[in-house]
Amino acid sequence: MTQAYQIAIDGPSGAGKSSVAKKLAAKLNIDYIDTGAMYRAVAYKMLREGIGIEDREALKAMLENIHIDFSRGETILDDEVISEKIRTPEISKLASDASALPEVREKLVSLQRAMGESKSVVMDGRDIGTVVFPKAKYKFFLTATVKERAKRRWLELREKGLDVELDDVEADIIQRDHNDSTRALNPLRKAEDAIEIDTTAMNLEQVTQHILSYIE
Ligand code: DC
């Protein structure tokens with residue numbers, strides 16, 4: 233049996249990380265772990281239980297009993313399938329705010345390490361190559377212009393039937409980039425040894441093939 237290895241894919245919102253990670257995992261027949269969905273799951277549970285961002289004691293207690301899992305491409309929170317429910321603008325905003333809190337990061341980073349240390353995984357997020365698996369065998373950092381990322385997110389939301397303005401999506405992306413890269417704890421940052429790929433003019437298949445060329 234070959235040794236377990238990790239593929240870390242980091243980058244800002246809308247750079248194409250999750251589509252690429254999903255495709256790579258399928259091609260390599262290994263698990264895909266969407267760490268953004270884990271921050272979203274925490275936000276979802278905060279909303280469901282009425283826990284505000286200031287209520288740190290309640291938040292800590294909630295985190296002690298949280299169960300997040302991935303099964304057959306679905307995100308599961310405490311036995312509830314939440315894959316679609318966590319893709320709303322409200323959850324995006326709260327997930328970004330919650331991801332700046334030390335207790336949230338500590339808990340999720342430890343869950344992520346446990347999920348990826350004994351089996352091969354593709355893990356995407358903001359701090360995978362820098363913090364979660366600094367020794368990952370392969371590290372990639374995906375980028376694209378703000379305009380292109382906003383367009384991709386807008387198309388995605390429209391496909392789901394959400395009537396949103398492109399300008400609002402772009403403003404939201406700029407705000408989240410700012411939050412994610414300026415927070416004190418584990419900000420979005422390219423690991424020194426990560427391979428940077430600008431996906432602005434590339435499609436999903438091209439990015440996937442490009443990454444595979446480093447792996448195979
Ligand atoms: O990738 P995403 O949009 O689903 O992530 C949701 C939020 O979680 C995003 O604002 C950044 C945060 N996040 C993080 O801080 N660290 C990660 N490893 C993944 C996501």
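My numbering applies: residue 233 is where the sequence shown begins, and numbers increase by one. For every residue, glycine included, the Cβ atom is placed at its ideal position computed from N, Cα and C. Keep in mind the model is a prediction, meaning the values are calculated, not measured.
{"Asked": "Touching or not, the stretch 263-272 and the stretch 349-359, by the rule of three or more beta carbon pairs under 8 Å?", "Found": "yes"}
{"Asked": "Distance check for A376 and L389, CA to CA, integer angstroms please.", "Found": "18 Å"}
{"Asked": "What does DSSP give as the partner residues of A240 in its beta bridges?", "Found": "M355 and K371"}
{"Asked": "Taking 8 Å as the cut-off, does the CB of M347 come closer than this to any heavy atom belonging to ligand 1?", "Found": "no"}
{"Asked": "Using the Cα positions of L295 and A346, report the straight-line distance between them to the nearest angstrom.", "Found": "16 Å"}
{"Asked": "Mind the definition here: the stretch 240-255 touches the stretch 355-369 only if three or more C-beta pairs lie below 8 Å; say whether that holds.", "Found": "yes"}
{"Asked": "Classify I447 as buried or exposed, calling it buried when 16 or more other Cβ atoms lie within 10 Å of its own Cβ.", "Found": "exposed"}
{"Asked": "Quick one: which unbroken beta strand (DSSP E) runs of 3-plus residues sit fully inside the stretch 257-304? Chain order, please.", "Found": "263-266 and 300-303"}
{"Asked": "On a Cα-Cα basis, can you pick out the residue from Q344, P321 and T362 that is closest to F302?", "Found": "Q344"}
{"Asked": "Going by DSSP, which residues form a beta bridge with L343?", "Found": "DSSP output for L343 lists no bridge partner at all."}
{"Asked": "Got a sec, what are the start and stop residues for the beta strand (DSSP E) D430 sits in?", "Found": "I427 to D430"}
{"Asked": "For the alpha helix (DSSP H) containing I314, list its first residue and its last residue.", "Found": "I314 -> no alpha helix (DSSP H), and no H or E assigned at all."}
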